[in-house]
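Numbering (the numbering used here), first residue to last: 20 to 1163.
We put the CB at the ideal spot given by N, CA and C, even for glycine.
These figures come from a predicted structure and were not determined experimentally.
Let me begin by presenting the structure, written as structure tokens, before commenting on it.
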């Protein structure tokens, strides 16, 4: 991935502090960069899956006008080349926990323990969409460093020049050569790949990124075949006008190289099968956002596009097949089953049509609807799928609380069990090493800390490992916790715990079973005694990774040097960001020594036989420091004749190589300078057997760690020979089991006397609900052996859970729920009921279920109900579902009330068009279909801001203000809410007249509200034109049904002063004028060309529609209108009348 550090306008701070460090990590194989799997914030080390490797990216800090930290295409929400699956195994990686801020759930992410060869495995990231899980190198904000600080003692002096005996003052020379990348002086980024593994090929892609345009404007590709002594420019081989943006390397065959062009110019891939010597170009019809290589098949690749489509290729990108659309960013994975079955199976999280998230598996060449599988029943939270080793994790939020589910070895999902009242707000999977889940949980009462939990083998039952581990917020909103797994020693972790607002560093050797403070060094760098007594004073370490993806972190360990840990920190009562020094332990954290008074990057050379240190500085340098005795003494070496602003350092991959390339500039206008440093000359010979001594791993004198005694061989400190290949531990002997090899089981807590006793909320006598009479279960002793602990005999028998026969018990704690947890269902669709029993034997019990609709079923054993009890309701309504479970020892029953609905399609609000002031008005919501189940009606009247909520579809209301008023009704049916709004005229007096039309209008009447509104508007316009009466006095409403008729209302008009222009006598005059024009056939309109419609005054014999007596104009008309609309309501109700249980 690419990540840019800050840019500064002055060249004296010119070359990016972390860029020169960025490849200069705690190991020399760091040129191989794998992609990240998903937004996972804590990347598990055990992920075996390999990912597309990209060259390491360096950013040159210059004064060329770049003043802000830019973001690159593809960087947000999943960088290019960051696959969305598991990362490859990083043998030399420690674990650094970094968590994504959760919008959506949980994350996993693994960080290098410090070696650059331990590259990001896949981003299990973030988006940050849905921030959210990020790749190990992607998390910013993890360290705060004092860059370029003047060393204490003398300004400008190198560390150790204060006269301390441990630093040699003689300047020695390393063999080196320098090569300039001519013509690339303007380029401010470089991506580097060194094949290694007996290959002398180095590829460098330099780019000019224009921060104003937000794009790459130039690029150059360089290739060396002699370990970096010379380079050849390959622009003519890839196309002189081709602009390259990214470089990828197949993790299982590093001879295969993939270059991606800048999509703003062209979208293409350039593929090489000979380590970049020649290339073939292939056009793309989509924009690659991230890649995920298969862990074993070198030609299999998954590509994620910017428009959330997932593509697959079995020809190393030469041809692509669309696999699925709507895939969540960084939530796709290759199958990682330990058995290796179904290697072409892909796990992904996809969005459904209605916007939900779903976990799907399918074959990489066939992901049709018919071939897809949905291992988790129902929907999951967005951006929550994690596939890691033998585990699959999803999150589902219900009732405002997140619930976490796990599938072990692709078996059925089970809910993860934390202590009952932990009530997690946030959870992140840290690792799944050795068939065990290590998780960080933020509980309900925590804000800036997390608790660490460790699980059983299935990942279901969790127990507390450490409380209140410090967390912090990264620049991208991601959460980082101060936890570090030491490489090379299983079960060894460092963590920063918050105690009374002080942060202290703790260490464990048995995977969190026991924790202790770090013993501070006895003397400082100058040999002066340090008075620091536990527990009041101790050593505290910074466990954060660098803000830049490829700079060294401030703590490092390596599998090939299991006893050596290098870190920055301080001595005192708590962790501090000031007075930071460098410390080293050569006995796996038991004792520590101060090695520098300032922060340095310390690299492991020759399997840890040599430590290489470079000072953090923004000034040009020409020296580095080497130690051959695990940091006890240091020698000063020059690696270039002229001081160099260092942008990055890259070591050759492999176990026996001793070549390093330093990237930098002599000035801010010069070309990239590549200094090849060969360390072979500093060794006299290869080490022989007599050059080694045995070293036993221990914890403060205790030799049994994780149930075994391990003896390693270490080179004698006085021997200056090259080690070569790492041989691992010499011997490993199991220990006799003691109480220290056992942790508390789920539901038990360790008390001050060391005993594991039941928590107040846990009932040890409660049997598993899966326990059936005639079977057996494991009866816990309150203890369980730490996973991966190899102890034998001793107290193992006493502390191990014992198999016990399941006794018969009467049913208790019976529950019946729906599979999706909802109390609503849709008519005509399957409803799945689940029967749950806290105690008792379902397999030997009779289960009777009454669905409440006249149908009941019985089951004689559990096997018939394991997948749930399915039922289809043919009618809508509220149904009382009852379940009875009984056996020979007793019975229990449970009830569930299920609301069955059918979709509400339409709402029509029926009410008078005009009413009199201070008279009740009846409003009715007419529904289609008429019977849809349980409904809620929400009413708004006039300008009232507070609604009226009812369960009935009719309501009466009185208007006290004249004028035009609105009534709005919303009808809620399940998740569906429909609305209708009508306007009603309110006056103290008005007159009305029934209108009829020429018969031909009925031929064009579809009898729908829209048509009636349009005809009403046309009739009103015709009346105004024929009579000259103001439109403010006329209201026309076409009535439903045939023959077509309408109601004409004659209204008083009120001017701006509030004085009524028209009195009762005026309304009478207007009425006479309207009737006269209607009787003279002067009111007409053209419905369509050639179709004329005449408007008439209807004559009723029962009573006149127009009341010409002022004293009765209001009440009489209201009565007549009531007759009309009551008749209409009867007609509508009759038309849509249905039985209560009527089908949709």
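Of 1111, 540 and 628, the smallest CA-CA separation from residue 608 is found for 540. The C-beta of residue 983 has fewer than 16 other C-beta atoms within 10 Å across all chains shown, which makes the residue exposed. Between residue 944 and residue 988, the gap from beta carbon to beta carbon is short of 7 Å.
Pairing residue 959 with residue 966, the inter-Cα distance amounts to about 5 Å. Checking the DSSP bridge columns, you'll see residue 999 partnered with 988.
According to DSSP, residue pairing for residue 421 in a beta bridge involves 416. Counting C-beta pairs closer than 8 Å gives fewer than three between the stretch 832-845 and the stretch 813-824, which falls short of the contact rule.
DSSP places residue 848 in the coil class of the three-state scheme, outside both helix and strand. Between the alpha carbons of residue 1014 and residue 950 lies a distance of about 35 Å. According to the DSSP assignment, residue 941 belongs to the beta strand (DSSP E) that extends over 939-947. In the pairwise beta carbon analysis, the stretch 694-711 is classified as not touching the stretch 530-546: fewer than three pairs are separated by under 8 Å.
Here residue 505 is not near residue 515, since their CB atoms are 7 Å or more apart.
Here residue 552 is exposed: its Cβ has fewer than 16 other Cβ atoms, across all protein chains shown, within 10 Å. By the C-beta criterion, the stretch 726-741 is judged not to be in contact with the stretch 436-456, since fewer than 3 inter-stretch pairs fall below 8 Å. For residue 473, DSSP records a beta bridge to 457 and 482.
When rounded, the separation of the alpha-carbon atoms in residue 653 and residue 509 is 30 Å. Here residue 650 really is in contact with residue 605; their C-beta atoms are around 7 Å apart, less than 8 Å. When beta bridges are read from the DSSP output, residue 407 appears opposite 410.
Under the 10 Å beta carbon count, residue 555 is surrounded by fewer than 16 other beta carbons and is classified as exposed.
Pairwise C-beta distances place the stretch 434-443 out of contact with the stretch 393-407, as fewer than three of them are shorter than 8 Å.
DSSP places residue 906 inside the beta strand (DSSP E), whose first and last residues are 896-906.
Distance from the Cα of residue 478 is smallest, within the candidate group 413, 993 and 419, for 413.
In terms of Cα proximity to residue 209, the closest of 1096, 1053 and 693 is 693.
By the Cβ test, the stretch 1087-1105 is in contact with the stretch 1038-1053, since at least three Cβ pairs between them sit closer than 8 Å.
Contact check for residue 1004 against residue 933 passes: the beta carbons are separated by less than 7 Å. Under DSSP, residue 212 shares a beta bridge with 222. One alpha carbon belongs to residue 720, the other to residue 542, and they sit about 21 Å apart. Within the stretch 609-663, the runs of beta strand (DSSP E) at least 3 residues long that lie entirely inside it are, in chain order, 612-615, 619-624, 629-634, 642-646 and 653-657. Excluding five sequence positions before and after residue 248, the CB atoms of its chain that fall closer than 8 Å to its own CB belong to 196, 198 and 695, given in chain order.
Membership of residue 1030 in the alpha helix (DSSP H) is indicated by the continuous run 1028-1046. CA-CA distance, residue 338 to residue 298, rounds to 16 Å. DSSP, reduced to helix, strand and coil, places residue 1094 within a helical segment of the structure shown.
Rounded to the nearest whole angstrom, the CA to CA distance from residue 273 to residue 239 is 21 Å. When the five nearest sequence neighbours on each side are left out, the beta carbons in the same chain lying within less than 6 Å of the beta carbon of residue 192 are those of 657, in order along the chain. Nearest in C-alpha terms to residue 578, of all of 507, 595, 312 and 798, is 507. For secondary structure counted as the beta strand (DSSP E) over 3 or more consecutive residues, the stretch 286-371 holds these complete runs in sequence order: 287-291, 299-302, 307-312, 320-324, 328-332, 340-344, 346-353 and 364-370.
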